[in-house]
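Below you'll find the structure, written out as C-alpha cells, and then a few comments.
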Amino acid sequence: MAAQKPSIPKGTRDFSPIEMVRRNYIFDTIKEVFCRYGYQAIETPAMENLSTLLGKYGDEGDRLLFKILNSGNYLDKVDEHTIKEKDQAGLSRQISEKGLRYDLTVPFARYVVQHRNEITFPFKRYQIQPVWRADRPQRGRYREFFQCDVDVIGSDSLLNEVELIQIIDDIFSKLNIKAVVKLNNRKILAGIAEVIGESDNFGHITVAIDKLEKIGIEKVNEELLGRGISQEAVDKLQPILKMEGKLKEKFPKLMEILKTSPTGIKGCEETMTVMRHLKDLGIKAKFELDLTLARGLDYYTGAIIEVKAADVEIGSICGGGRYDDLTGVFGLEGVSGVGISFGADRIYDVLSELNGFPSGFRASTKVMFVNFGEEEVKYCLPVIDRVRKAGINAELFPDAAKMKKQMSWANSNAIPFTVMAGTEEIKSKKFMLKDMTTGEQKLLSESEIIEKLK
RNA sequence: GUGGAUGUAGCUCAGUUGGUUAGAGCGCUAGAUUGUGGUUCUAGAGGUCGCCGGUUCAAAUCCGGUCUUCCACCCCA
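Take the first sequence: its letter number 29 is residue 89 in our numbering, and every next letter is one higher.
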C-alpha cells in the first residue's frame with residue numbers, strides 16, 4: 061500500500077493534550093457560569109435535515125451549509141432533466157437531504173418545537189457543541205468550531221437580556237479578558253429605515269452601516285446609493301451616522317429622530333431599560349450603544365448583542381440577540397427567545413495572544429513509579445493502587461526500560477515526582493521519592509509518601 | 001465565491017544570476033554516566049525541496065496547473 065500523506069480537511073484542527081487542557085479550562089469556566097444562572101444542558105445531532113436549516117440564515121448562510129450526500133445509489137433517483145440542464149440547485153436538492161448544523165440556535169428552535177410538551181416555559185438551556193461552516197478559513201475563522209450557546213425561550217422580559225450580559229461579564233472577568241459589549245436593537249434599525257423612508261431596503265441599509273467603522277462614512281454612502289437608496293434618504297441618515305457623545309446625550313437625540321416611528325421608539329426604550337439595569341448592577345465590562353451593529357442573521361427582531369476583546373483584534377468573541385418568532389417556522393407561534401453564543405475557538409486565540417492561560421497545570425500525573433522489572437513491579441503495584449485511592453494521580457511506567465528513558469519521559473511530561481523502588485528499597489520496605497524540580501530524594505515509607513504527595 | 005502571498009528535516013527557518021553529495025538551530029537516538037531526568041560534551045539518524053506536469057545538458061531555484069496555510073473582500077463565532 062502506498063503511504064499517503066495524512067491530512068485533515070481545510071479549516072479543521074486536531075487538539076493535542078496541551079490544547080485540550082486549555083480548551084477545557086475555557087469550557088469549564090463557561091459551563092460553571094451558565095449553571096450558576098440556572099441554565100440546563102442539552103445536545104442535538106451534528107446533522108439536521110436540510111429543511112430545518114435552509115432559509116434560516118439568509119442566502120449567504122445557505123451557501124455556507126455543509127451538505128451530506130444521501131447514502132445508497134442516490135444518482136438513480138435524479139431525474140434526467142436535472143442532469144441534462146446541469147441544474148445544480150435542483151441536483152443538490154435531490155441528492156442531499158441532510159446537512160451539518162450551522163449554529164446551535166436553529167437546531168434549538170427545532171428542539172423546542174419538537175419537545176414542547178415536555179418543556180416548562182420559560183426554558184433556559186445551554187449547549188456546547190461544534191458547528192460547521194463552509195467558509196474560507198482565516199484568522200479566527202474555522203470551518204469547524206465550537207459554540208457555547210445560552211438561550212431563554214418563552215419569556216419576553218428584558219431581564220433576560222440583562223442576565224445574559226451579566227453572564228458575559230462574569231465569564232470574561234473569570235477569563236481575564238477585557239470585554240466590550242456592544243448593544244443595539246433591530247427595532248431601532250427598523251425605525252431608522254422607516255424614518256428615512258426606505259423601509260423596503262432595511263437589509264441593505266443595515267449591512268452598509270455595519271461597515272461604518274471599517275470603511276468610513278464616505279464609502280458607506282457610496283454603497284447605499286449603489287444599492288438604490290435615494291439621495292434624500294442618505295442625507296437624512298447622516299446625522300444618525302455622525303451621532304456621538306455619551307449615552308445620556310445619544311438617547312434623547314435618537315428618540316427625537318425616531319419620534320414618528322413607534323417601532324423605533326420601542327427599540328430605544330428597550331435598550332435604555334437594559335442599560336439602566338446594567339448600570340445599576342455595576343457591570344465590569346464596558347458597554348455601549350452601537351447603532352452600526354447590525355448582525356447578519358435574519359431572525360433577530362429585538363436586542364442585538366456583540367462582544368469584542370478590547371486588546372485583541374479578532375472579530376466578535378460572543379454574539380446574539382432576541383428572536384421573536386424563530387419557532388414560528390416550525391409551527392409554534394408567539395414564543396420569544398433571546399440568546400447569545402460564545403465562540404470558544406476565538407476565545408482560545410485571544411487567551412493565547414494575551415498569554416492568559418493559567419500556567420503550571422499541564423501534567424495531571426503527580427508521581428510516576430519507575431519500572432525496574434517483574435519483582436519490583438509486584439512490589440509497587442499494590443502501593444500505586446493505594447496511592448491512587450488516596451486521591452493522588454499516579455502511574456507506573458509500562459516497560460522495564462532503561463532508567464534514563466523512564467526519567468526523561470517523566471521529565472518531558474512534567475511529572476513533579478518519581479518513585480524508585482529496587483532491590484535495596486524492597487529489602488527495607490521503603491521507597492525512594494524524588495522531587496523532579498529540586499532533584500532532592502528521600503527514602504520514605506508508603507504512608508510517608510502518601511502524606512507528602514497529598 | 002473573488003483577489004494576493006506562502007510551502008525546504010518532527011519544529012523554526014537559511015539556501016547566491018538555474019550547476020555536482022540541500023544546510024543551521026532546536027528536538028530525536030546513542031554514548032560519556034550498568035539505579036537518576038532537567039545542565040554540559042561527543043557521535044548519529046532523519047529530506048520524493050507540498051503534489052503533478054513543462055522548459056533546460058542541468059530545476060529547491062524558471063513556467064503552468066493543483067492542494068495547503070495565511071491575508072484582504074464577502075460574511076461571521
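Built from N, CA and C at the ideal position, the CB exists for glycine as well.
Evaluate contact between the stretch 407 to 417 and the stretch 77 to 96, counting only Cβ atoms and requiring at least three cross-stretch pairs below 8 Å.
yes
Using DSSP with H/G/I as helix, E/B as strand and the rest coil, what is T478?
strand
Assigned secondary structure, M496 (DSSP; H/G/I helix, E/B strand, else coil):
coil
In its own chain, which residues sit with a C-beta less than 6 Å from the C-beta of Y4, not counting the 5 before and 5 after it?
Any property of residue 4 remains undetermined from this structure, which presents the chain solely from 61 to 514.
Threshold first: 3 residues or longer. Then list the beta strand (DSSP E) segments lying entirely within the stretch 400 to 475, N to C.
427 to 429, 454 to 456
Cross-strand partners of K502 (DSSP beta bridge):
Per DSSP, L493.
For N236, which of helix, strand or coil comes out of DSSP?
coil
Looking at I269 and T352, is the spacing between their C-beta atoms short of 8 Å?
yes
Measuring alpha carbon to alpha carbon, tell me which of S156, D147, Y99, Y134 ends up nearest L114.
S156
For the stretch 334 to 407, which segments carrying the beta strand (DSSP E) assignment without a break, of at least 3 residues, lie completely within its bounds, in sequence order?
346 to 349, 363 to 369, 376 to 383, 397 to 403
Which same chain residues end up closer than 8 Å to N236 when comparing Cβ atoms and leaving out the 5 residues on each side of it in sequence?
L414, G416
Do K346 and V241 have their C-beta atoms within less than 8 Å of each other?
yes
heavy atom of the ligand COA below 7 Å from E413 C-beta
You won't find the ligand COA in this model; it holds no ligand whatsoever.
Below 8 Å, how does it come out for the stretch 181 to 194 and the stretch 307 to 315: are there three or more Cβ pairs, yes or no?
no
Using a 10 Å radius around the Cβ and a threshold of 16 neighbouring Cβ atoms, would you call C95 buried or exposed?
By the neighbour-count definition (other C-beta atoms within 10 Å, threshold 16), C95 is an exposed residue.
For Y186, report the span of its beta strand (DSSP E) as first-last.
183 to 192
Tell me the DSSP secondary structure of N109 in three-state form.
Three-state DSSP puts N109 in a strand.
Here's the rule: buried if 16 or more other CB atoms are within 10 angstroms of the residue's CB, otherwise exposed. What is K302?
exposed
How far does the alpha helix (DSSP H) with L285 in it reach, from first residue to last?
Run containing L285: 272 to 286, per the alpha helix (DSSP H) assignment.
Hey, quick one: how far does the alpha helix (DSSP H) through E140 stretch, first residue to last?
140 to 144
Taking a contact to mean a Cβ-Cβ separation below 8 Å, would you say A481 touches E511 in this structure?
no
Near D229, what residues of its chain come up, given a Cβ to Cβ distance below 6 Å and the 5 sequence neighbours on each side ignored?
I343, K344, A345
Apply the 10 Å Cβ neighbour rule to S376 and answer buried if 16 or more other Cβ atoms are within range, or exposed otherwise.
Taking all protein chains in view, the Cβ of S376 is crowded by 16 or more other Cβ atoms within 10 Å, so the residue is classified as buried.
Which of helix, strand or coil does DSSP assign to N130?
If DSSP states are grouped into helix, strand and coil, N130 belongs with coil.
For F491 versus I509, is the C-beta distance shorter than 8 Å?
Yes.
Can you grab the Cα-Cα spacing for the pair H337 / L456, in whole Å?
56 Å
Spatial neighbours of V166 within its chain, please: CB distance less than 6 Å, with the 5 preceding and 5 following residues excluded, ordered by chain position.
K116
Taking contact to mean at least 3 C-beta pairs separated by less than 8 Å, is the stretch 133 to 148 in contact with the stretch 174 to 185?
no
Between the stretch 422 to 432 and the stretch 458 to 474, do three or more beta carbon pairs fall short of 8 Å?
yes
Between the beta-carbon of I515 and the beta-carbon of L284, is there less than 8 Å?
One cannot answer for residue 515 here, as it falls past the ends of the chain, which runs 61 to 514.
Here's the rule I'm using: 16 or more other beta-carbon atoms within 10 Å means buried, otherwise exposed. How should M61 be labelled?
Bear in mind that the predicted position of M61 carries a pLDDT of just 40, short of 50, making it too unreliable to give a figure here.
Mind checking who Q291 pairs with in its DSSP beta bridge?
Paired residues: none, contrary to the question.
Sheet register partners of R201 (DSSP bridge)
Q198, per the DSSP bridge assignment.
When you compare each of F402, K464, Y99 to D163 by their alpha carbons, which one comes out closest?
Measuring C-alpha to C-alpha distances from D163 to each of F402, K464, Y99 identifies F402 as the nearest.
Nearest to S488 by CA position, among D495, E506, L349, T497, is which residue?
E506
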